[in-house]
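Colleague: Structure incoming, see below.
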Amino acid sequence: MRRIDLFRVVAARFLSRVGSEAAFFVGVWGKAAFDLDATAGDLAVLMFALSVALLIGSAASGVLIDRYGPRVVLAVAEVIFVPAALAFIWADTMPALIAVGTVWALVGAPVMTAGATFAPYLTERPEELKRVNSMLDGAGSLSFVIGPAIGALIVRYANVDWVFIIDAVTSLAAAIIVWRAHLVRAPAPRPVGERSRAVAELIDGMRTAYRIRALRYYVLAGTVVWLSFGAFGVLEPLFFRDVVLADIETLGWVNMVFGTGMLIGAAMLPRLRTSVISARGLAYTVALSGFGSIIYVGTADMRVVYLGALAWGSVIGLLEPLLRTLIHRDSPPESVGRVIGTAETHRRFGELLPLAIAPAVAGVLGVQGTMIAGALFASAIALLSLGEARSIDREIGHRPVPEEEIPTITAAEEPVSPLP
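In the numbering used here, the protein residues as written are 1 to 420.
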């Protein structure tokens, strides 16, 4: 592993996510809820469209990554992402915003999936996976601190449309930087006659994820997280607008604190004992994510909200790179892109289901009550799965991982935003 190539990918991930975190949390959410007066139903349709586009894009991305490698897929996707981001400037109605958002999510899915697949292409040593994942995710977490803050400052001193310009510029810069990175292994070669077998390759990758017991557990654990918190994409802007009585700028500052928590959480991963890098460790982390989110939305007191954002962010910051490290470790090398793609597809499917019922449930339990119920669901399912997690750990056994010097710039990616 060449350190310069790792830092190139880290820098590309940081730049890409800085723009996208600002664009989603302040730009898309803010424009919908505050400028266009979106209802819970409007936001449900928006998040449904984003999730369907991401589901399709994630599934296709896994095949492309296994064919061409994450560097090529990420660079090309970032360039295509630029006009999609700029199109938000002219979206001045909810139908227009939903249409543009669908395209934005579809072309953004390969960016996210490729970013989640880089680690086994940057090192040939399995014991380095958690360090590489921590650094790559750290770039995302640092951007999750800075991106929403930039978005908040932009809407204070300019207007929300400038957020989308920043998203386009950072995506183009990321494409230029990542193109210069060299990987330690190439994608598995395929005969020319098999180039058209994309659907067969996609199905084979999904079968691999389902057939291997450990991979199946990791994928389903990730699905539970986003099944539980899928309603947050609909209700969180309304929570701040109607429960906390905050303004659009608050979305940026709260998510900056959330990102700070993610930095703390991801920095913990390389320092954890080997026994924690396990199915059982994943189950406990999913359970903790539910409890953290309850602190976040349990009151209308902004002091508690900020504390909850820090606590929940810390758990998510650990959970995401932990999940990817386990998948990278236990996936067949020739299928890692498609297994990651399968995990991302399940994540989007998990986000879709709550969107159909979130507005109706919120009408009964209220915005706050619905979010708390989703959090309790995640914790309960995770704790009930501990028996299966222990059995998987006994079946795999824990590989010895030598202690090593860990760089101080570490943190986590893939928070609750649907895009990189």
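Glycine residues also receive a C-beta, built at the ideal position from the N, C-alpha and C atoms.
Between the C-alpha atoms of GLY115 and LEU74, what's the straight-line distance to the nearest angstrom?
Modeller: Cα to Cα, the separation comes out at about 7 angstroms.
Colleague: Suppose the cutoff is 6 angstroms on Cβ atoms and the five residues either side in sequence are ignored; what does the same chain contact list for PRO270 look like?
Modeller: Around PRO270: LYS130, ARG131, SER134, ILE406.
Colleague: Roughly how far, in whole angstroms, is the beta-carbon of ILE340 from the beta-carbon of ALA214, given that I think they are within contact range, below 8 angstroms?
Modeller: The pair is not a contact, with the Cβ atoms about 15 angstroms apart (cut-off 8 angstroms).
Colleague: Please name the residue, chosen from ALA77, THR274, ARG348, VAL257, that lies closest to ARG303 on a Cα-to-Cα basis.
Modeller: Checking every option, the nearest Cα to that of ARG303 belongs to VAL257.
Colleague: Where does the unbroken alpha helix (DSSP H) through ALA311 begin, and where does it stop?
Modeller: Segment 302 to 330, the alpha helix (DSSP H) holding ALA311.
Colleague: Pop quiz: ALA23 and PHE164 are said to be a contact at Cβ under 8 angstroms. What is the actual Cβ separation, rounded to whole angstroms?
Modeller: With a Cβ gap of about 6 angstroms, ALA23 and PHE164 count as contacting.
Colleague: Sorted by chain position, which residues of the same chain lie with C-beta nearer than 8 angstroms to ILE295's C-beta, five sequence neighbours on each side aside?
Modeller: If we look at ILE295 and ignore the five residues flanking it on each side, its Cβ neighbours are VAL304, LEU307, GLY308, ALA311, TRP312.
Colleague: Give every residue of the same chain whose Cβ lies closer than 7 angstroms to the Cβ of VAL45, excluding the five residues on either side of it in the sequence, and list them in chain order.
Modeller: For VAL45, where only same-chain residues beyond five positions count, the Cβ hits under 7 angstroms are ILE98.
Colleague: So, for GLY41: in the same chain, excluding its five sequence neighbours on each side, which residues have a beta-carbon less than 7 angstroms away from its beta-carbon?
Modeller: Around GLY41: PRO359.
Colleague: Using the rule of at least 16 other Cβ atoms within 10 Å of the residue's Cβ for burial, across every protein chain shown, is SER275 buried or exposed?
Modeller: The residue in question, SER275, is exposed, as its Cβ has fewer than 16 Cβ neighbours within 10 Å.
Colleague: With a threshold of 16 other CB atoms inside 10 Å of the CB of ASP301, please say whether the residue is buried or exposed.
Modeller: By the 10 Å Cβ count, ASP301 comes out exposed.
Colleague: Let me know the alpha helix (DSSP H) ranges lying completely inside the segment 68 to 156, each 4 residues or longer, listed in chain order.
Modeller: Qualifying alpha helix (DSSP H) stretches, in chain order: 70 to 86, 94 to 115, 119 to 122.
Colleague: Suppose the cutoff is 6 angstroms on Cβ atoms and the five residues either side in sequence are ignored; what does the same chain contact list for GLY147 look like?
Modeller: Excluding positions up to five away in sequence, the list reads VAL18, GLU21, ALA22.
Colleague: Please report the Cβ distance between VAL63 and TYR121, rounded to the nearest whole angstrom; I am assuming they are in contact, meaning their Cβ atoms lie under 8 angstroms.
Modeller: VAL63 to TYR121, Cβ: 16 angstroms. No contact.
Colleague: With distances taken between CB atoms, is the gap from ALA149 to TRP29 smaller than 8 angstroms?
Modeller: No, the Cβ-Cβ distance between ALA149 and TRP29 is not below 8 angstroms.
Colleague: Quick one: Cα of VAL286 to Cα of THR223, how far?
Modeller: Distance between the alpha carbons of VAL286 and THR223: 10 angstroms.
Colleague: Applying the 10 Å Cβ sphere with the 16-neighbour rule, what's the burial state of ASP92?
Modeller: It counts as exposed.
Colleague: Less than 8 angstroms between the beta carbons of ALA109 and GLY57, yes or no?
Modeller: It is a contact, given that the beta carbons lie within the stated cut-off.
Colleague: With distance defined between alpha-carbon atoms, name the residue in LEU227, ASP66, LEU282, PHE240 nearest to VAL336.
Modeller: The candidate whose alpha carbon is nearest that of VAL336 is ASP66.
Colleague: Classify ARG216 as helix, strand or coil using the three-state DSSP reduction.
Modeller: Helix, per DSSP.
Colleague: If LEU227 sits next to VAL367, beta carbons under 8 angstroms apart, how far is it from one beta carbon to the other, in whole angstroms?
Modeller: Not a contact, Cβ separation roughly 18 angstroms.
Colleague: With DSSP as the reference, label LEU376 as helix, strand or coil.
Modeller: Correct three-state label for LEU376: helix.
Colleague: Is it true that the CB of ILE316 sits closer than 8 angstroms to the CB of MET371?
Modeller: No, they are not a contact pair.
Colleague: Nearest-angstrom Cα distance between PHE377 and LEU235?
Modeller: For PHE377 and LEU235, the distance between alpha carbons rounds to 17 angstroms.
Colleague: Using DSSP with H/G/I as helix, E/B as strand and the rest coil, what is HIS182?
Modeller: Here HIS182 sits in coil by DSSP.
Colleague: What do you get for ARG207, buried or exposed, if any count of 16 or more other CB atoms within 10 angstroms of its CB means buried?
Modeller: Exposed: under 16 other Cβ atoms inside 10 Å.
Colleague: What distance in whole Å lies between the Cβ atoms of PHE144 and GLY259, which are believed to be in contact at a cut-off of 8 angstroms?
Modeller: Contact flag correct, Cβ pair sits at about 3 angstroms.
Colleague: Which class does ASP204 belong to by DSSP, given the choice of helix, strand or coil?
Modeller: ASP204 falls in the helix class under three-state DSSP.
Colleague: Ends of the alpha helix (DSSP H) at PHE7?
Modeller: Residues 3 to 21.
Colleague: Using CA atoms only, rank isn't needed, just tell me which of PHE349, PHE88, ARG3, THR39 is closest to VAL219.
Modeller: The shortest Cα separation from VAL219 among PHE349, PHE88, ARG3, THR39 belongs to PHE349.
Colleague: Span of the alpha helix (DSSP H) holding ARG394?
Modeller: Taken as a continuous stretch (DSSP letters only), the alpha helix (DSSP H) holding ARG394 covers 386 to 396.
Colleague: For GLY290, count neighbouring Cβ atoms within 10 angstroms of its own Cβ and tell me buried if that reaches 16, exposed if not.
Modeller: GLY290 should be labelled buried.
Colleague: If you draw a straight line from the alpha carbon of LEU386 to that of TYR217, how long is it in whole angstroms?
Modeller: Those two C-alpha atoms are separated by around 11 angstroms.
Colleague: Going by DSSP in three states, GLY298 sits in which element: helix, strand or coil?
Modeller: In the structure shown, GLY298 sits in coil (DSSP, three-state: anything other than H, G, I, E or B).
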